[in-house]
Amino acid sequence: ALPVMRPLALHWPADEDAAREDTQYLLGEGLMVAPVLRAGHRRRLVYLPAGRWAAVFNLAQFGPVHAGGQHVVAAAPLDTLPMYLRAGTALPVTEAAPHTTSARWARLSWLIHAGPDGFVGQLFEDAGDGPAGGRATRLVGERQGARLTIRRETEGETGSFEQRETMHVLGLGHVRAAQGAASFAHEDGVLRLTLPARWQTVTLELEPGDDEEP
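Numbering (our numbering), first residue to last: 5 to 218.
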């Protein structure tokens with residue numbers, strides 16, 4: 005499914021603060037967007053419902069992680085739109101398409117906020133030759149003890165081209181090995197994975213009980 009704008013009350017109908025909130029919205033199920041609506045304001049109050057939420061600055065890097073069920077103050081300088089990624093969510097981020105009739109990208113990054121059980125994300129790439137063409141991708145991370153298995157499930161095709169794919173994963177702690185990845189590094193609490201072309205599965209070996217988030 006393609007991401008759509010959703011009111012908070014759709015997912016948290018019993019939460020009175022979420023039901024009252026009409027200046028924020030979800031994009032898909034896991035990305036909270038909180039635009040600044042008043043001229044000259046450089047910060048705003050954001051309500052975060054149940055779950056754990058990581059600030060994401062301009063869809064490029066992670067910020068602090070907050071527990072849900074509370075209001076937080078978000079910095080909002082002119083070049084920043086306050087956004088928060090819920091734990092358990094994988095968000096695809098791309099460069100601009102080469103032209104307006106295609107949604108297929110040579111470079112693809114996933115921003116991932118891993119939850120206790122893993123994460124899920126979705127992406128659709130248009131082949132650019134009509135409504136019938138394209139490829140749907142589902143990214144699934146499943147955690148069992150000290151092992152996290154990441155699978156890429158695809159349906160359809162976008163033609164033959166090499167796609168460079170990376171992942172930026174928050175919330176895992178120390179990673180001892182990344183079988184199936186071209187390379188990996190851990191910096192400032194974020195695991196950065198580089199994937200080989202046409203990869204299908206990556207298995208991460210984690211330090212038992214060494215999660216980044218409490």
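Think of the CB as a built atom: it goes at the ideal place given N, C-alpha and C, for glycine as much as any other residue.
In the three-state reduction of the DSSP assignment, residue 63 falls in the coil class, being assigned neither a helical nor a strand state. Annotation: the continuous beta strand (DSSP E) that includes residue 197 extends over 194-199.
Taking residue 76 as reference, the option from 84, 51, 98 and 63 with the minimal CA-CA separation is 51. Beta-bridge annotation (DSSP): residue 71 is paired with 56. With fewer than 16 neighbouring CB atoms inside 10 Å of its own CB, residue 120 falls in the exposed class. Secondary structure note for residue 20: its alpha helix (DSSP H) is the uninterrupted segment 20-24. According to the DSSP assignment, residue 189 belongs to no alpha helix (DSSP H) but to the beta strand (DSSP E) extending over 187-191.
In terms of Cα proximity to residue 199, the closest of 171, 16, 96 and 38 is 171. Rounded to whole angstroms, the separation of the alpha carbons of residue 180 and residue 209 is 5 Å. In terms of Cβ geometry, residue 125 and residue 150 do not form a close pair [threshold 8 Å].
Considering only 192, 79, 56 and 116, the residue with the shortest C-alpha distance to residue 46 is 79. Residue burial is scored here from C-beta neighbours: residue 178 has fewer than 16 other C-beta atoms within 10 angstroms and is therefore classed as exposed. The beta carbons of residue 140 and residue 86 sit no closer together than 8 Å. In the three-state scheme derived from DSSP, where H, G and I count as helix and E and B as strand, residue 78 is classed as strand.
By the Cβ-count criterion, residue 185 is buried, with 16 or more other Cβ atoms from all chains shown falling within 10 Å of its own Cβ. By the beta-carbon neighbour count (other beta carbons within 10 angstroms, threshold 16), residue 44 is exposed.
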